[in-house]
Each structure stands twice: as C-alpha cells, then as structure tokens.
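**Student:**
There are 2 protein chains.
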Amino acid sequence: MSGLIHFNLFEMNCVGHIQHGLWTHPANNRHRYTDLEYWTDLARLLERGLFDAVFLADVVGAYDRYRGGPETAIREAVQIPANDPLLVVPAMAAVTRHLGFAVTFSTTYEPPFAHARRMSTLDHLTKGRVAWNIVTSYLRSAARNFGLDDEIEHDLRYEIAEEYLEVLYKLWEGSWEDGAVLRDRERAVYTDPAKVHAIDHVGKHFRVAGPHLSEPSPQRTPVLYQAGNSERGKDFAARHAEAVFTGAVSPEALREEIADTRRRAAAFGRDPAHITFFPSASVIVAPTEREVEAKVAELRRHIRPEGFLAQRGSGIDLAAYGPEELIDDIVARGGDFTERAVRPLVGRGLRVRDVLDSVGRIGGGGPFFVAGTPGQVADEIERWADESGATGFNLMQYLSPGTAEDFIDLVVPELQRRGRYRTEYGDATLRERLLGPGAHRLPATHPGAAYRRA
Amino acid sequence: MSGLIHFNLFEMNCVGHIQHGLWTHPANNRHRYTDLEYWTDLARLLERGLFDAVFLADVVGAYDRYRGGPETAIREAVQIPANDPLLVVPAMAAVTRHLGFAVTFSTTYEPPFAHARRMSTLDHLTKGRVAWNIVTSYLRSAARNFGLDDEIEHDLRYEIAEEYLEVLYKLWEGSWEDGAVLRDRERAVYTDPAKVHAIDHVGKHFRVAGPHLSEPSPQRTPVLYQAGNSERGKDFAARHAEAVFTGAVSPEALREEIADTRRRAAAFGRDPAHITFFPSASVIVAPTEREVEAKVAELRRHIRPEGFLAQRGSGIDLAAYGPEELIDDIVARGGDFTERAVRPLVGRGLRVRDVLDSVGRIGGGGPFFVAGTPGQVADEIERWADESGATGFNLMQYLSPGTAEDFIDLVVPELQRRGRYRTEYGDATLRERLLGPGAHRLPATHPGAAYRRA
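Protein sequences, first through last, are from chains A and B. Residue 1 is where the first sequence starts when you use full-length UniProt numbering, and the numbers rise one by one after that. Residue 1 is where the second sequence starts when you use full-length UniProt numbering, and the numbers rise one by one after that.
1. So the alpha helix (DSSP H) His240/B belongs to, where does it begin and stop?
2. Looking at chain A, is there any beta carbon in it that lies within less than 8 angstroms of the beta carbon of Leu87/B?
3. Does chain A have any CB closer than 8 angstroms to the CB of Val189/B?
4. Along chain A, which residues have their Cβ under 9 angstroms away from the Cβ of Phe206/B?
5. With 8 angstroms as the threshold, decide whether the Cβ of Ser314/B is near any Cβ in chain A.
6. Please report the Cβ distance between Val103/A and Thr40/A, rounded to the nearest whole angstrom; I am assuming they are in contact, meaning their Cβ atoms lie under 8 angstroms.
7. Would Ser214/B pass as an interface residue toward chain A - the criterion being a Cβ-Cβ separation below 8 angstroms?
8. Ends of the alpha helix (DSSP H) at Trp176/A?
9. Could you give the residue range of the beta strand (DSSP E) that holds Arg183/B?
10. Relative to the C-alpha of Leu148/A, which candidate in Gly247/B, Thr126/B, Tyr109/B and Arg207/B has its C-alpha closest?
11. Using a Cβ-Cβ cut-off of 8 angstroms, state whether Thr136/A counts as contacting chain B.
12. Closer than 8 angstroms, CB to CB, is Leu122/B near chain A or not?
13. Do Phe55/B and Glu11/B count as a contact pair if the criterion is CB distance below 8 angstroms?
14. Under 8 angstroms, Cβ to Cβ, is there at least one residue of chain A near Glu159/B?
15. Assuming the contact rule is C-beta atoms closer than 8 angstroms, Ile134/A and His240/A should be a hit. Round their C-beta distance to whole Å, please.
16. With contact counted as at least three CB pairs below 8 angstroms, one residue from each stretch, are the segment 343-352 of chain A and the segment 367-376 of chain A in contact?
17. Where DSSP assigns a beta bridge to Thr121/B, which residues make up the other side?
18. Where does Ser214/A fall in DSSP's three states?
19. Is the beta carbon of Leu326/A sitting closer than 8 angstroms to the one on Arg351/A?
20. Should Val15/A go down as buried or exposed, given a rule of 16 or more other Cβ atoms within 10 Å for buried?
21. Identify every run of the alpha helix (DSSP H) within the segment 387-444 of chain B, keeping only runs that are complete inside it and at least 4 residues long; order them along the chain.
22. Between which residues of its own chain and Glu293/B is the CB-CB distance below 6 angstroms, once the five residues before and five after are set aside?
23. Using DSSP with H/G/I as helix, E/B as strand and the rest coil, what is Val130/A?
24. Could you tell me whether the Cβ atoms of Gly233/B and Tyr158/B are closer together than 8 angstroms?
25. Here's the rule I'm using: 16 or more other beta-carbon atoms within 10 Å means buried, otherwise exposed. How should residue 466/A be labelled?
26. Leaving out five residues before and five after Met1/A in sequence, what residues of the same chain have Cβ atoms less than 6 angstroms from its Cβ?
27. Using a C-beta to C-beta distance shorter than 8 angstroms, which residues of chain B count as neighbours of Ile258/A?
28. Please determine, among Ile316/A, Glu110/A and Leu254/A, the residue with the shortest C-alpha to C-alpha distance to Arg383/A.
29. Interface residues of chain A around His31/B at Cβ under 7 angstroms?
30. Checking 8 angstroms against the spacing of the C-beta atoms, do Leu430/A and Leu87/B come in under that value?
31. Thinking C-beta only, is His124/B closer than 8 angstroms to Val78/B?
32. Mind pulling the beta strand (DSSP E) runs of 3 or more residues that sit fully within the segment 259-292 of chain A?
33. Quick check: the Cα distance between Thr136/A and Thr246/A, rounded to an integer number of angstroms?
34. Going straight from the alpha carbon of Ser388/A to that of Asn13/B, what length do you get?
35. Given a cut-off of 8 angstroms, decide if Ala378/A and Leu318/A are closer than it, judged by their beta-carbon atoms.
36. Can you tell me the Cα-Cα spacing of residue 457/B and Val196/B, whole angstroms?
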C-alpha cells in the first residue's frame with residue numbers, strides 16, 4: 001500500500017488511434033472527433049472521474065510502409081484522418097477547471113519560436129494545466145510533408161531536439177523576469193522593459209532573437225512528457241522529462257526502467273524523484289465476470305488486424321515476407337524498415353506469422369492489460385503500481401467514451417475505497433499535482449531552470 | 001438604401017492592439033486577454049449582437065524601431081505581450097453556434113503542411129465558421145525570431161505566399177475527393193483510399209508530399225481575408241481574397257479601391273462580386289450628444305501617444321529626427337525604415353511634428369470614424385456603406401468589451417429598424433454568409449477551385 005495512483009486518458013484527434021477496427025463498434029463515438037462536443041463531453045467526463053490529464057498523441061504523416069503505400073491506413077482510418085491536437089485543448093479547458101492536457105508536438109519540423117508561444121498561450125488559457133509530450137517524429141512520410149526526402153537520422157533528431165529545448169527554456173524561463181509585468185495604471189507602465197530580455201540564441205540548428213512574445217504563464221515551461229526508448233531517447237528523457245510514458249511488459253521490467261532512468265537523471269544532476277512514470281494500461285471492466293467475458297468477446301469481433309499491421313508497418317512491411325521468415329533474419333539483411341518500430345520484435349526468435357497472429361489480439365502478453373470485475377481490476381492496478389513504483393497509468397481506449405465511463409463508474413470508486421485514488425481535486429497546476437503544492441515551476445535541478453535570471 | 005451591413009470585431013490576443021494607452025482606462029478589460037473567460041464572454045456578446053465574425057490580428061515580433069529598441073512597445077504593451085490567435089478560437093466556438101472567426105497567420109515563417117491542418121481542424125471544430133487573414137509579415141524582429149537576419153524583401157514574400165497558397169489549395173481542395181469518407185461500418189471501410197491523393201508538390205520554396213491529414217471540412221479552404229496595399233499586395237488580394245480589410249479615408253477613395261480590386265480580379269478570371277470589402281470603423285456612441293462628448297474626452301485622457309509612435313515606429317523612428325524635417329526628405333535620403341508602414345505618410349508634405357501631433361488623436365482625418373448618438377452613427381454607417389459599396393465594417397475597439405457592448409446595445413437596434421442589419425442568423429457557414437446559401441466552398445472562378453479533381 002502506497003500513495004495515490006494517477007490516471008491520464010490516452011487520446012488522439014483522429015478515428016483510429018491504437019485499437020484498430022473498433023470504430024465499427026456501434027457504441028464507439030470516434031468518428032465524432034471533428035465535433036467540439038466530442039471533446040467537451042470527454043473533458044467533463046474525465047473531470048468527473050478526477051483524472052490528471054488527457055494525453056493527446058499525434059503524427060504528421062501517414063503510415064505508408066505496409067503493402068507499399070498508405071492505402072491500408074487510409075481505409076482502416078489508422079491515424080488518418082488526424083487533426084491538430086493543440087486546438088481541442090482550449091475547448092476542453094473552457095468546460096473544466098482541473099483536468100490537465102498533455103499535447104504531443106515534434107521538435108523536428110516546426111520553428112521553436114512559434115511553438116513556444118503556442119504552449120505559453122495554452123498554459124495561460126488553462127491557468128497552468130498544460131504538458132508537452134516531446135517527440136522527434138519517426139515517419140518518413142512526415143519528413144516528406146516538411147520539405148525533406150527522408151527522416152532525419154535518429155541521433156541527429158535528438159541533437160536538434162536538445163537545441164530546440166534550449167531555445168524554449170531561454171524563451172520560457174529566461175526572457176521575462178518575474179515581476180516584469182507591473183500593470184501599473186497610474187504610471188501607465190504595463191511591463192518594465194528592463195526585465196524583458198532578448199535571448200539572441202545562435203546555435204547549430206536555430207537562430208532566435210526574442211524576446212518571447214508571451215508574458216510568463218503559471219508554469220512557464222509546461223510539464224514535460226517524454227517516451228524515449230533508445231539509449232539516446234532514454235538520456236533525453238532523463239535530462240528533460242518530468243513524466244515518462246512507457247509500455248513496459250511487467251512490473252519488474254518497469255521497476256528496472258524507472259531505476260535506470262532515475263540513475264541517468266541523477267547523473268545529470270537532477271533530483272530523480274522529480275521524474276514520474278506512467279505505463280499504459282488497457283482495462284476492460286464490468287460488474288460481473290460473465291459481463292467481462294461478453295465485453296471482451298464483443299470487442300474482439302470488431303478488431304481489424306490489417307489496421308494494426310498498417311501501423312506496425314511503420315517498422316516493417318510484413319506483407320512483403322513469407323510467414324515462416326525470421327524477423328531477426330529480415331532485420332539482419334537490412335531493408336526498408338524503421339529501426340525504432342522494429343526494435344520490440346528483434347532478438348525474440350519471432351517469425352512473420354507470430355507477429356501476424358499476435359496483432360490486434362485483445363489480451364495479455366504485452367503492456368499492462370486487465371479484464372475483470374472492479375475488484376479484480378483494482379487489485380491488478382495496485383499490484384502493478386506498487387511492484388513497479390509507477391506514479392500512475394495512461395488508460396488506453398477501446399470505446400470512446402465507453403472505456404473511460406466504465407473506468408470512472410466502476411474502478412475509480414473501488415480505488416477510492418482503498419485510499420488509492422483522489423476524492424477531489426485541490427486547486428493546483430498540473431506540475432503541482434505531480435510534485436506537490438507550490439511546485440508550479442520547473443524544479444531547481446531541472447536543466448531548464450539554469451536559464452532563469454538571478 | 002441597399003442590403004445588409006455586416007460587422008466584424010477587430011481583436012488581437014494581446015493588451016494593446018491599436019488604441020494605445022487605453023488599457024489604463026478603469027473600464028477596460030484588455031489585461032484579461034490571458035483568461036479564457038475574456039474570450040468566451042466576448043464571443044457570447046458578439047453572437048448576441050449578430051456579428052459576422054471576430055477578426056484576430058497577429059504579429060510574431062516586437063516593434064523595435066522607435067527609439068532604437070523594443071522598450072517603448074514593451075512598456076506600453078504595444079502588441080507585446082501577444083499570445084497565439086488560433087488557440088482562443090476553439091473556446092469561443094464552444095460557446096457559440098454562428099459567430100465566425102478570422103485568424104491572422106503569416107505565409108513567411110511556418111511550414112504550409114502544419115498550417116493547412118490547423119485551419120482544417122478549426123473549420124471542422126467550428127463547422128465552417130473560419131476565415132484566414134493572409135499576411136506576409138513586415139517586422140524585421142519577426143524575421144529574427146525565425147532564423148533570418150532581416151525581413152525577406154517585399155516582392156519575394158509575395159512570391160513565397162503565392163506558392164504557399166498553391167500548396168494549401170492542393171491539400172484543401174485536391175487531396176481528398178468528395179465522397180472519399182465512407183464510414184461504412186458493415187464493410188469496415190472508413191475512407192476509400194482511391195479517393196485520397198498525395199499532392200507531391202515540388203516548387204521553388206516548398207516540397208510537400210501529402211496526402212492532407214485532415215478529411216474535408218465544411219468549407220475546405222477557409223474564407224480568405226487579405227489586406228494588401230502595395231501593387232503586388234493588391235494583385236495578391238485580387239487573385240485570392242474573398243474579404244478585403246481596408247483603411248480607406250473616404251467613401252470615394254474606398255469606392256475606387258473596390259473598383260480597382262474588382263477590375264484586377266476580373267482580369268484574373270474571377271467573378272468580381274465574390275470579393276467583399278470591410279473598411280475599419282471607429283465608433284463612439286452614447287444615447288445623447290452630451291454623453292458622447294464626455295465619453296470621447298474620457299478616452300482621450302487615457303490615450304498614450306508614445307504607444308502609437310512605437311507601433312508606427314515599425315516604419316520610421318520619429319524620435320531620431322527633428323520636428324521640422326519633412327517625411328518625404330527622410331524617406332528620399334533612405335534610412336532605417338519599413339517601406340510599407342511609411343507609405344501612408346509619403347507624398348503628403350508632412351513634417352515630423354505633424355505626425356507626432358496626430359498620433360493617438362481620437363477623431364477624424366483618417367479611416368472611418370464617427371462619434372455620435374445611435375441615429376447619427378447609423379446615418380454615417382449607411383452613408384459610408386452606400387457611397388463606397390462596402391460589404392460591412394471591422395469595428396475597432398477602444399474599450400473591451402465596452403465598445404462592442406455600446407455598439408450592440410445602441411447602434412445595432414437602430415440599423416435593424418432601418419432594415420440594414422440582420423435580425424437573426426440563418427444556419428450558414430461563414431462563406432455562405434458572404435456569398436449566399438449553398439456557397440460553403442470556394443466559387444468555381446476562384447484560383448483554389450482549379451486544384452479540385454474532376
């Protein structure tokens with residue numbers, strides 16, 4: 001038994017996010033992603049359920065490796081169509097007071113000055129409820145939408161991301177001093193110009209003069225989310241992330257991952273306790289075991305393996321190989337695949353047919369999954385949290401809003417009875433909710449804090 | 001007597017937009033621009049007043065020419081701080097059903113693929129209530145926030161803008177055919193891949209592969225606003241704009257400007273009636289003449305000429321010259337000024353002191369201004385509209401929300417009595433409101449329509 005367990009909802013401004021085919025389920029509302037009411041209703045639901053935040057994924061290109069083109073992704077609505085994630089946040093913020101918003105944005109294709117202002121604007125409008133999920137993008141198709149021929153090589157993307165963060169810290173933390181904004185009507189001084197500074201950043205990848213156009217927002221730097229898997233990505237997370245989104249396959253593996261990231265963070269001079277961890281959680285819950293079984297069966301009937309292959313096809317086009325070929329052989333021969341997406345399949349002796357058989361299964365064998373009654377689900381959540389040391393979970397959706405509704409109506413009360421889930425929100429910024437009262441700005445040991453003026 | 005007169009409200013996500021110093025007025029709420037409620041309250045007010053749209057200006061750099069630096073602009077809050085304009089739209093859309101949103105975005109600094117998706121997202125979320133005010137940016141400081149040393153030269157900016165529009169038309173009009181989205185649950189086909197196309201744009205300034213990530217929104221291409229002054233800018237407006245924002249100083253001058261733009265549009269093969277014109281309108285209204293005088297005097301007391309000079313200082317640093325020097329001489333000698341911003345001062349025999357004396361005056365002598373009782377104001381609005389052929393006006397704000405409240409409570413009923421102002425909204429997209437029922441997409445003679453597939 002330990003502290004409170006936090007929950008985010010994993011979302012995306014699209015039809016098919018991670019559970020492909022389920023848009024055909026009659027109770028699913030995902031096709032309503034273009035309606036503002038889809039988002040405002042969802043926000044109200046999550047605030048009723050006392051969630052920390054809604055976590056919005058994003059991509060900026062189509063999955064076009066599987067079967068040699070984007071046709072499967074388009075037909076199955078696998079992250080295409082996909083609309084901008086930032087623009088649903090203000091509508092959700094308008095109907096809530098406490099719910100947080102973690103939005104994905106890539107450091108690879110758009111200028112940091114504009115992104116800095118967008119995040120500051122969101123942090124103002126939400127009064128400090130915003131997080132940024134930092135990604136570097138991994139689709140060749142995305143690169144080709146932004147003037148490039150192919151993806152920028154992995155380590156160079158991270159090098160660019162490091163400098164991108166440096167620019168943002170300068171704008172968010174260093175450009176406007178505390179106390180710069182006076183709003184002195186008598187003397188007609190809105191801002192003290194002596195306390196607003198150009199940043200004059202000149203680096204290898206960016207030149208940005210500043211000053212920042214936004215006055216300091218409640219959190220200044222939004223809460224920084226990250227999901228790094230590679231060595232370089234893990235170091236990046238250890239250096240910058242305040243919340244790590246992970247897909248570990250067991251509490252033990254997660255415990256090791258947490259220890260590793262925190263070790264790296266300490267080596268960078270950070271307080272390792274300032275990094276929180278949110279593994280993904282797939283939960284199917286119903287009042288009785290019989291209803292759980294029926295629900296799982298009903299979901300299985302709507303799953304579309306082709307959709308999963310189209311998305312996994314970002315890594316390797318499984319349709320191009322025979323069913324008995326070893327994944328390791330395919331990768332060893334080299335070929336047209338994405339290293340990051342293929343990595344989870346490597347070194348496990350898998351054949352093509354194993355992967356084909358496994359995709360789109362609803363069940364265990366991967367990241368945290370539980371189907372059960374409220375008591376069974378709460379048991380498993382507690383076990384995972386306590387054995388791993390996770391701060392909380394990102395709830396995956398099967399049905400929208402059904403998955404979140406079930407969780408909020410059935411699991412949340414059970415966790416509350418056990419003292420493991422908040423019973424009300426305090427008035428807090430998103431960062432305070434992770435780090436405690438008063439911690440609305442980056443902690444002193446975070447690298448972003450080094451850009452503050454004395 | 002003619003048709004209905006349309007109104008937009010001119011706004012900006014900042015403290016000091018165009019009336020500098022008035023933030024110090026006790027009834028002004030501009031310092032609340034960081035609050036979502038400022039925007040949602042404003043949206044409800046404008047919808048009660050049956051406005052066409054709120055028109056959001058933007059800049060992406062600080063005014064830093066006056067007195068050799070940004071200090072004056074910062075002290076007077078002249079468009080700094082300034083937050084992102086797109087991000088207040090979804091919140092305003094969430095509390096309204098009819099109000100339109102015209103947002104400013106520059107074609108010079110950010111990639112077209114991302115902007116296309118942002119506008120499509122807004123058009124979806126608002127169900128076709130979005131316009132884009134196309135600018136090419138004119139501040140050196142903006143260029144320096146995006147990796148450049150100085151502004152891109154004027155005509156090259158327009159060349160880039162032309163190609164930017166071409167990319168957007170391909171994404172908005174050509175990438176997804178009508179009927180591509182099937183949402184066929186039985187066959188599990190969300191989108192027919194045969195009807196979604198890469199754009200494979202390869203031009204001088206941009207390479208964009210596509211397909212567009214957004215499915216077609218109600219208007220596809222948002223209503224296109226523009227405010228071109230130069231020859232190149234006028235041609236750009238004549239080619240692309242559907243609504244032209246202008247600051248003409250008399251109905252006659254505006255009539256000529258409208259005729260000129262429509263002539264140019266016809267030469268480009270467009271139906272000239274498809275371009276609508278919105279001059280700026282500064283209105284001070286009260287029930288009696290005595291109250292009008294008191295209101296004008298009260299506003300004058302809070303005006304800050306330094307703020308106006310800081311903004312005009314984008315054109316020329318008037319503090320650097322003697323009061324008797326002729327503007328024409330200064331410009332003829334060449335120097336550190338911005339051609340576009342200086343243009344209205346040239347060829348008029350003005351001395352530096354004339355400009356210094358005139359800034360921050362509340363009154364006539366420039367674009368449309370009227371202070372009077374509801375009947376006097378309505379007379380002047382009708383006269384301007386009828387003599388010029390303007391479609392409507394962009395209402396400038398002195399006080400927020402006071403200026404719009406006064407207008408809606410006092411002038412709108414008077415215009416309605418005269419049959420010159422709508423008494424209710426129909427169900428219409430923003431484009432239909434300008435061009436008539438059914439016209440939710442670009443007209444066939446608009447250049448963007450050429451990118452549609454047969």
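Even for Gly, the Cβ is constructed at its ideal location relative to N, Cα and C.
**Tutor:** Checking against the coordinates, here is how it stands:
1. Glu231 to His240
2. yes
3. yes
4. Going along chain A in sequence order, the residues near Phe206/B (Cβ under 9 angstroms) are Gly147.
5. With a pLDDT of 49 at Ser314/B, under the threshold of 50, the predicted position of this residue should be treated as unreliable, though the coordinate-derived value follows. With 8 angstroms as the cut-off, Ser314/B does not count as an interface residue toward chain A.
6. Contact doesn't hold; Cβ gap of about 16 angstroms is too wide.
7. yes
8. From DSSP, Trp176/A is part of no alpha helix (DSSP H); its letter is neither H nor E.
9. Val181 to Asp184
10. Arg207/B
11. For Thr136/A, not one C-beta of chain B is nearer than 8 angstroms to its own C-beta.
12. yes
13. yes
14. no
15. 7 angstroms
16. no
17. In DSSP, Thr121/B forms no bridge with anything.
18. Coil at Ser214/A, not helix or strand.
19. yes
20. It is buried - the Cβ of Val15/A has at least 16 other Cβ atoms within 10 Å.
21. Unbroken alpha helix (DSSP H) stretches of 4 residues or longer found wholly inside the segment 387-444 of chain B: 402-406, 412-417 and 430-435, given in chain order.
22. none
23. Residue state, collapsed to three classes: strand.
24. yes
25. Outside the shown range of chain A (1 to 454) lies residue 466/A, about which nothing can therefore be said.
26. Low confidence applies here, because Met1/A scores a pLDDT of 45, under 50, leaving its location unreliable; read the following figure in that light. Here the set comprises nothing.
27. By Cβ distance, chain B contributes nothing, its closest Cβ being about 34 angstroms from Ile258/A, past 8 angstroms.
28. Leu254/A
29. Arg183
30. no
31. no
32. 276-285
33. 16 angstroms
34. 45 angstroms
35. For Leu318/A and Ala378/A, no; Cβs fall outside 8 angstroms.
36. Outside the shown range of chain B, which is 1 to 454, sits residue 457/B, and nothing can be said about it.
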